[in-house]
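Some notes on the structure that comes next.
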Amino acid sequence: MENPDFFDLDAPAPAGRDPGGSPSPVRAEGLWAAGDRIAWIAGLVLALSSFMGWYSGSGVGVKLAVIGWNSGVLGKLVFFVGAAVVALVVAHELGFELLPASIPESLLVLALGALGTIFVLIRFISIPDAVLPADGRGIGIWIALVAALGVIGGGLLTAAEEL
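Numbering that gives the first Met the number 0 applies: residue 0 is where the sequence shown begins, and numbers increase by one.
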């Protein structure tokens with residue numbers, strides 16, 4: 000009588016399992032890993048939010064909307080922070096090493112997300128004098144704030160995936 004293969008200890012472990020028999024965790028690779036995906040989508044939305052209405056208001060017969068790009072230097076910096084996040088993730092996926100091996104890329108994504116969040120919060124709290132007729136905040140600044148926080152979340156997930 001022959002022994003079935005599942006009792007054979009010398010047989011190779013099936014795919015997706017370690018030699019001890021417990022299932023090994025399946026990790027998404029490449030651009031579709033959760034942290035990278037969230038980081039590049041949030042970075043893209045952050046960059047595009049500079050061209051959305053950050054401030055709104057109305058005057059005598061006139062409705063006013065000011066996009067983030069026209070709100071001053073910080074609006075332009077928000078665009079470049081978002082573009083830098085997208086460029087960093089794409090360069091990583093194409094195999095370019097932009098940083099020394101001792102600095103994880105998730106740390107740079109986290110730093111860019113924190114910087115973008117600070118820039119958006121400054122513009123959220125302080126309406127610049129150049130757009131003074133605007134008496135409220137538009138949807139674009141809310142989108143920018145959520146996207147900046149999303150970049151931080153993507154960086155945290157990427158750091159967790161690297162561990």
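Ideal Cβ placement from N, Cα and C applies to all residues, glycine included.
Please state the DSSP three-state secondary structure of residue i.
i: alanine 46; result: helix
i: leucine 63; result: strand
i: glycine 71; result: coil
i: glycine 135; result: strand
i: glycine 177; result: Outside the displayed span of the chain (0 to 162) sits residue 177, for which this structure offers no information.
i: alanine 100; result: coil
i: glycine 94; result: coil
Could you check which residue in the options has the C-alpha nearest to that of residue i?
i: tryptophan 141; options: Thr116, Lys75, Glu104; result: Thr116
i: valine 84; options: Leu45, Pro99, Glu160; result: Leu45
i: isoleucine 124; options: Leu148, Val108, Trp53, Trp68; result: Trp53
i: alanine 86; options: Leu111, Val72, Ser101; result: Leu111
i: glycine 81; options: Ile138, Ile40, Pro99, Val59; result: Ile40
i: tryptophan 68; options: Leu106, Leu155, Ala143; result: Ala143
i: leucine 76; options: Ser55, Val88, Ala100, Phe50; result: Phe50
i: serine 55; options: Ile138, Gly154, Ala147; result: Ile138
Starting from residue i, trace the alpha helix (DSSP H) both ways and give me its first and last residue.
i: tryptophan 53; result: Segment 52-57 is the beta strand (DSSP E) holding tryptophan 53; no alpha helix (DSSP H) there.
Would you decide whether residue i is buried or exposed? Buried here means 16 or more other CB atoms lie within 10 Å of its CB.
i: glycine 135; result: exposed
i: serine 48; result: buried
i: serine 57; result: exposed
i: isoleucine 159; result: At residue 159 the sequence reads alanine, which differs from the isoleucine that was named. With fewer than 16 Cβ atoms within 10 Å of its Cβ, alanine 159 is classed as exposed.
i: isoleucine 102; result: exposed
When you compare the segment 116-134 with the segment 63-72, are there three or more beta-carbon pairs, one atom per stretch, that lie closer than 8 Å? With contact defined as three or more Cβ pairs closer than 8 Å, the segment 116-134 and the segment 63-72 are in contact.
Would you check if there are 3 or more beta carbon pairs closer than 8 Å linking the segment 87-96 to the segment 33-53? yes
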